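Engineer: Pasting in a structure now, in structure tokens, and then I'll have a few things to ask.
Number of protein chains: 2
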Amino acid sequence: MDKKQLFTPGPTEVPQETLLESAKPVIHHRKQVFKELFRETTENLKYVFASEKSDVHILSSTGTGAMEAAVLNFTSPGDSAAVIVSGKFGERWRDLCKSFDVNAEIIEYEWGDYCKPDDVRKVIKEKNIKAVFATLVETSTGTVNPIRELAEVTSQAGVLLVVDAVSGLGCDRLEMDKWDVDVVVSGSQKALMTPPGLGFVCVNSKAKDALQENKRKNYYWNLKKSQKSLGKMQTPYTSPVNLIKGLNNSLKMIISEGMEAVWGRHQKLSGGAQAGIEEMGLEIFSKSPAAGLTAVKIPSPDKIGESFTKHCEKKYGVVLAGGQAHLKGKIFRIAHMGYYDEMDVVKSLAAIEATLNDLGERNVLGCGVKAALEKFSGR
Amino acid sequence: MDKKQLFTPGPTEVPQETLLESAKPVIHHRKQVFKELFRETTENLKYVFASEKSDVHILSSTGTGAMEAAVLNFTSPGDSAAVIVSGKFGERWRDLCKSFDVNAEIIEYEWGDYCKPDDVRKVIKEKNIKAVFATLVETSTGTVNPIRELAEVTSQAGVLLVVDAVSGLGCDRLEMDKWDVDVVVSGSQKALMTPPGLGFVCVNSKAKDALQENKRKNYYWNLKKSQKSLGKMQTPYTSPVNLIKGLNNSLKMIISEGMEAVWGRHQKLSGGAQAGIEEMGLEIFSKSPAAGLTAVKIPSPDKIGESFTKHCEKKYGVVLAGGQAHLKGKIFRIAHMGYYDEMDVVKSLAAIEATLNDLGERNVLGCGVKAALEKFSGR
Chain B
1 MDKKQLFTPG PTEVPQETLL ESAKPVIHHR KQVFKELFRE TTENLKYVFA
51 SEKSDVHILS STGTGAMEAA VLNFTSPGDS AAVIVSGKFG ERWRDLCKSF
101 DVNAEIIEYE WGDYCKPDDV RKVIKEKNIK AVFATLVETS TGTVNPIREL
151 AEVTSQAGVL LVVDAVSGLG CDRLEMDKWD VDVVVSGSQK ALMTPPGLGF
201 VCVNSKAKDA LQENKRKNYY WNLKKSQKSL GKMQTPYTSP VNLIKGLNNS
251 LKMIISEGME AVWGRHQKLS GGAQAGIEEM GLEIFSKSPA AGLTAVKIPS
301 PDKIGESFTK HCEKKYGVVL AGGQAHLKGK IFRIAHMGYY DEMDVVKSLA
351 AIEATLNDLG ERNVLGCGVK AALEKFSGR
Chain S
1 MDKKQLFTPG PTEVPQETLL ESAKPVIHHR KQVFKELFRE TTENLKYVFA
51 SEKSDVHILS STGTGAMEAA VLNFTSPGDS AAVIVSGKFG ERWRDLCKSF
101 DVNAEIIEYE WGDYCKPDDV RKVIKEKNIK AVFATLVETS TGTVNPIREL
151 AEVTSQAGVL LVVDAVSGLG CDRLEMDKWD VDVVVSGSQK ALMTPPGLGF
201 VCVNSKAKDA LQENKRKNYY WNLKKSQKSL GKMQTPYTSP VNLIKGLNNS
251 LKMIISEGME AVWGRHQKLS GGAQAGIEEM GLEIFSKSPA AGLTAVKIPS
301 PDKIGESFTK HCEKKYGVVL AGGQAHLKGK IFRIAHMGYY DEMDVVKSLA
351 AIEATLNDLG ERNVLGCGVK AALEKFSGR
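As given, the protein sequences belong to chains B and S, one line each in that order.
Anchor point for the first sequence: position 334 equals 334 in the numbering used here, and the numbering is continuous, going up by one each time.
Anchor point for the second sequence: position 370 equals 370 in the numbering used here, and the numbering is continuous, going up by one each time.
Encoded structure:
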């Protein structure tokens, strides 16, 4: 039997109810029936962004498309931006800025490290910074950044804060209104428990003003045009109606659990995963582990390397992610973002133990599972 | 009972088998299981584009996103392009060119008219034209353009021909290799019988060379990067895996019917629709009606206007499209592109007759249906 479960940080497992909802007959994106779905979905999305006052733009794109939209709509050519880089997705902000003629002041940390808001404060003081580009959860290293403290810095300075929360939204705490975060970008395929193909850009009132001043001639990514369509409960071009149907189902599940409970669950899952990993004698990669994702150093990487995740997937159906770029063969990543519960984490730990044993690395069968169960039980 | 059938030119009806295929568990876009799906899907797409030699890029976007990708990858700022405009989607090419600093030489026709290749030949002779942007089927008017003859002009001149076949691919004949069309853009949600959310750019060898010379710093729409990923059976960013699964099912249906049969079926459907409409005493809007779409002048538009399509949808569940821009309330459009057969066309004609009768316009009950049935039966 070929039974697999994704523990990859996007795409993640999607509830069958959501998949079936997205398989309902196609509706037309200019008709009343869609407008009602769209109104409900954007309202539900705002709940997840923890923002009542923002506009949420739903794009037919991946998360990277939504990042491109953010760069193009909140910078003009020649602007300077502070870009926080400590992994592959910070690099993506950097590369997008370079592609679109934004002077990127790079604030760099080692992969696995997190951003220090004081460093950003200094750069803002020294340079004429228009916007700060940050990452809630750096997927490549399993690291959560202190967005709340960053937002204090940008708020005081009157500079836009643009956060990539493709990883993180719906698992790691993020409160747009309360923290005063200006722009948050996300996607459907991670903690929002929906297949890939939808990007989101959530824009608060300070950012809406900035949008009006934007000088670029955007077309597909034109959020000014999208803002006008929002008033009519539409998107400027054909809406990906079936994915939106699916998304709305997953959002309803999140709302029924409650955002505090969702954040708490992920906090608990990462606690259990970390306890299990440490009990096996393995090392957590990140200095600031995310709630939705646990990155782990592969023991004896020269011997085991990429065969670790391959074996685990092939023999146990547990699909972990390996490392990216220079971390290939050096780490593996367990995602528990979205449709995951305590027993899913236990299962992933069990498969990791079995894999370590099979590869002749160490016999820690049951140790990590026991530690996680104890952690979950509150002992 | 609220039973609806879409006769709108995108999105269109999607077979239940395809919807259910897209509701299968999510797979990871960097794993072997996806690479196999991707290889098969791109091969199947090439069959529909009638091209063995091209690269097909699958984008997470609508058709408009694929159009933007074409403009950004096959023009550089300051280039001149000939843009054929005779409706809303020709205007979209024009607006994209303007947004991205391409000098657009507009070759304009009245809405409902079609392109005359000699006009394009003249413009190419007089101006230093890099590319010609054309439309296979102008959705706003139900008009098919003579792409084959256009391709003769561009081939002789050594100029790139870029065709928007978002409407048209898979219903109106288009043979990329045989006709020597360089770039064809399309989307999932029309004759390819898949929900919206996938854009395609199909690139022949002449255009692949042009791609390498492109000077723009594209990111999300970077087809050079996408070309490298194609070799690894991947997309540069997260692939919309579930939509691709669905698409592949619909492509298999097209392949099993056979492309000649598919084109023939649509030709027949439009013949029946036109015969029915004319028998009712109504007038076809286009001077060159498309195979996938029949646009019809609304009789007594000042009296009936937009209530025509509203009544037809509400009372009979037959969802037609109205007119766009200045044609609002002046025409209605019956799409028969993709998952439609003779009896679907008959149903749409019956609902039109009933609507004309209900609105007190004329009693032609059964007339159009009879004419269509006779046409279909070959009489």
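Don't be surprised by glycine CBs; every beta carbon is placed ideally from N, CA and C.
Quick caveat, the model's predicted, so the values are computed rather than measured.
Among S:R148, S:P146, S:K127 and S:G168, which one has its Cα closest to the Cα of T139 of chain S?
Structural biologist: Comparing Cα-Cα distances from T139 of chain S to each of S:R148, S:P146, S:K127 and S:G168, the minimum goes to S:G168.
Engineer: Of the residues that make up the segment 231–251 of chain B, which ones have a beta carbon closer than 7 Å to any beta carbon in chain S?
Structural biologist: Those would be Y237, T238, S239, P240, V241, N242 and L243, in chain order.
Engineer: Can you check whether the C-beta of E68 of chain S is within less than 8 Å of a C-beta belonging to chain B?
Structural biologist: Cβ-Cβ to chain B under 8 Å: yes for E68 of chain S.
Engineer: Which chain B residues are close to A23 of chain S, counting only those with a beta carbon under 7 Å from its beta carbon?
Structural biologist: Ordered by position in chain B, the residues that pass the 7 Å Cβ test against A23 of chain S are L19, L20, S22 and A23.
Engineer: In this structure, what does DSSP give as the bridge partners for P289 of chain S?
Structural biologist: Looking at the DSSP assignment, P289 of chain S forms a beta bridge with S:T143.
Engineer: How many Å lie between I331 of chain S and I284 of chain S at the Cα?
Structural biologist: Approximately 9 Å between the Cα atoms of the pair.
Engineer: Say whether chain S places a C-beta atom closer than 8 Å to the C-beta of S167 of chain B.
Structural biologist: For S167 of chain B, the answer is no, since every Cβ of chain S falls outside 8 Å of its Cβ.
Engineer: Between the Cα of M280 of chain S and the Cα atoms of S:A350, S:I124 and S:L19, which residue gives the shortest distance?
Structural biologist: The shortest Cα separation from M280 of chain S among S:A350, S:I124 and S:L19 belongs to S:A350.
Engineer: Let me know if P289 of chain S comes out buried or exposed under the rule of 16 or more other beta-carbons within 10 Å of its beta-carbon.
Structural biologist: By the 10 Å Cβ count, P289 of chain S comes out buried.
Engineer: Just to check my reading of the structure: M176 of chain B and A50 of chain B have Cβ atoms closer than 8 Å, yes? What is that Cβ distance to the nearest angstrom?
Structural biologist: Contact holds; Cβ gap of about 5 Å.
Engineer: Per the contact definition of three or more C-beta pairs closer than 8 Å, is the segment 207–223 of chain B in contact with the segment 16–33 of chain B?
Structural biologist: They do not touch, by the three-pair rule.
Engineer: Just confirm the distance between the C-beta atoms of K88 of chain B and A325 of chain B, as a whole number of angstroms; I'd bet it's less than 8 Å.
Structural biologist: Correct: roughly 6 Å between the Cβ atoms.
Engineer: Can you name, in chain order, every residue of its own chain whose Cβ lies under 7 Å from the Cβ of S300 of chain S, other than the five neighbours on each side?
Structural biologist: Result list for S300 of chain S: E361, in chain order.
Engineer: Quick one: which chain B residues come within Cβ less than 7 Å of H28 of chain S?
Structural biologist: Going along chain B in sequence order, the residues near H28 of chain S (Cβ under 7 Å) are L6, T8, P11 and V319.
Engineer: Compare the C-alpha of L211 of chain S against each of S:V162, S:K287, S:G338 and S:I254 and name the closest.
Structural biologist: Out of S:V162, S:K287, S:G338 and S:I254, S:V162 has the C-alpha closest to the C-alpha of L211 of chain S.
Engineer: Helix, strand or coil, according to DSSP, for G231 of chain S in the structure here?
Structural biologist: If DSSP states are grouped into helix, strand and coil, G231 of chain S belongs with the helices.
Engineer: Is V14 of chain B close to chain S, meaning its C-beta is less than 8 Å from at least one C-beta of that chain?
Structural biologist: Interface residue, yes.
Engineer: Take the Cβ of K3 of chain B as the centre, count every other Cβ of all protein chains shown within 10 Å, and call the residue buried at 16 or more, exposed below.
Structural biologist: So K3 of chain B ends up on the exposed side.
Engineer: P289 of chain S touches chain B at which residues, Cβ-Cβ below 9 Å?
Structural biologist: What P289 of chain S touches in chain B: nothing, since even the nearest Cβ is about 22 Å away.
Engineer: Who does V296 of chain S pair with in a DSSP beta bridge?
Structural biologist: The partner list for V296 of chain S (beta bridge, DSSP) reads S:I284 and S:F332.
Engineer: Whose C-alpha, out of B:E374, B:G323, B:I244 and B:E105, is nearest the C-alpha of P196 of chain B?
Structural biologist: P196 of chain B has its Cα closest to that of B:I244, out of B:E374, B:G323, B:I244 and B:E105.
Engineer: So with Cβ pairs under 8 Å, would you call L223 of chain S a contact of chain B?
Structural biologist: With 8 Å as the cut-off, L223 of chain S does not count as an interface residue toward chain B.
Engineer: According to the neighbour-count rule (16 or more other Cβ atoms, all chains shown, within 10 Å of its Cβ), is D358 of chain B buried or exposed?
Structural biologist: Exposed, since its Cβ has fewer than 16 Cβ neighbours within 10 Å.
Engineer: Flag L45 of chain B as yes if its beta-carbon sits less than 8 Å from any beta-carbon of chain S, otherwise no.
Structural biologist: Chain S, which has no Cβ nearer than 8 Å to the Cβ of L45 of chain B, makes this no.
Engineer: Mark L198 of chain B as exposed unless 16 or more other C-beta atoms lie within 10 angstroms of its C-beta, in which case mark it buried.
Structural biologist: Result: buried.
Engineer: Among S:L373, S:N44, S:H266 and S:K98, which residue has its Cα nearest to the Cα of V144 of chain S?
Structural biologist: Of S:L373, S:N44, S:H266 and S:K98, the residue nearest in Cα terms is S:H266.
Engineer: Output needed for G170 of chain S: all residues of its chain with C-beta closer than 6 Å, excluding positions within five of it in sequence on either side, in chain order.
Structural biologist: If we look at G170 of chain S and ignore the five residues flanking it on each side, its Cβ neighbours are V48, A191 and L192.
Engineer: Is S99 of chain B close to chain S? Criterion is C-beta to C-beta, closer than 8 Å.
Structural biologist: By this cut-off, S99 of chain B is an interface position.
Engineer: Go ahead and label N249 of chain B buried or exposed: buried means 16 or more other beta carbons lie within 10 angstroms of its beta carbon, across all protein chains shown.
Structural biologist: The residue in question, N249 of chain B, is buried, as its Cβ has 16 or more Cβ neighbours within 10 Å.
Engineer: At a cut-off of 7 Å, would you count T355 of chain S as near the ligand HEM, judging by its Cβ distance to the nearest heavy atom?
Structural biologist: Among the components of this structure there are no ligands whatsoever, and the ligand HEM is therefore not found.
Engineer: Run the CB neighbour count on D55 of chain S, radius 10 Å, all protein chains shown included, and call it buried at 16 or more, exposed below.
Structural biologist: Counting Cβ neighbours within 10 Å, D55 of chain S comes out buried, since at least 16 surround it.
Engineer: What residue range does the beta strand (DSSP E) around G187 of chain S cover?
Structural biologist: Run containing G187 of chain S: V183 to G187, per the beta strand (DSSP E) assignment.
Engineer: Show which residues of chain S have a CB atom less than 7 Å away from the CB atom of L96 of chain B.
Structural biologist: Correct list: Y219.
Engineer: When you check each C-beta in the segment 157–189 of chain B against every C-beta of chain S, which residues fall closer than 8 Å?
Structural biologist: So the list reads G187 and Q189, given in the order they occur along the chain.
Engineer: For D119 of chain B, which option in B:T154, B:G142 and B:N103 has the closest C-alpha, if you only look at C-alpha atoms?
Structural biologist: Cα-wise, what sits closest to D119 of chain B is B:T154.
Engineer: By Cβ distance below 6 Å, which residues in the same chain neighbour I129 of chain B in space, the five residues on each side in sequence not counted?
Structural biologist: Excluding positions up to five away in sequence, the list reads S80, A82 and V159.
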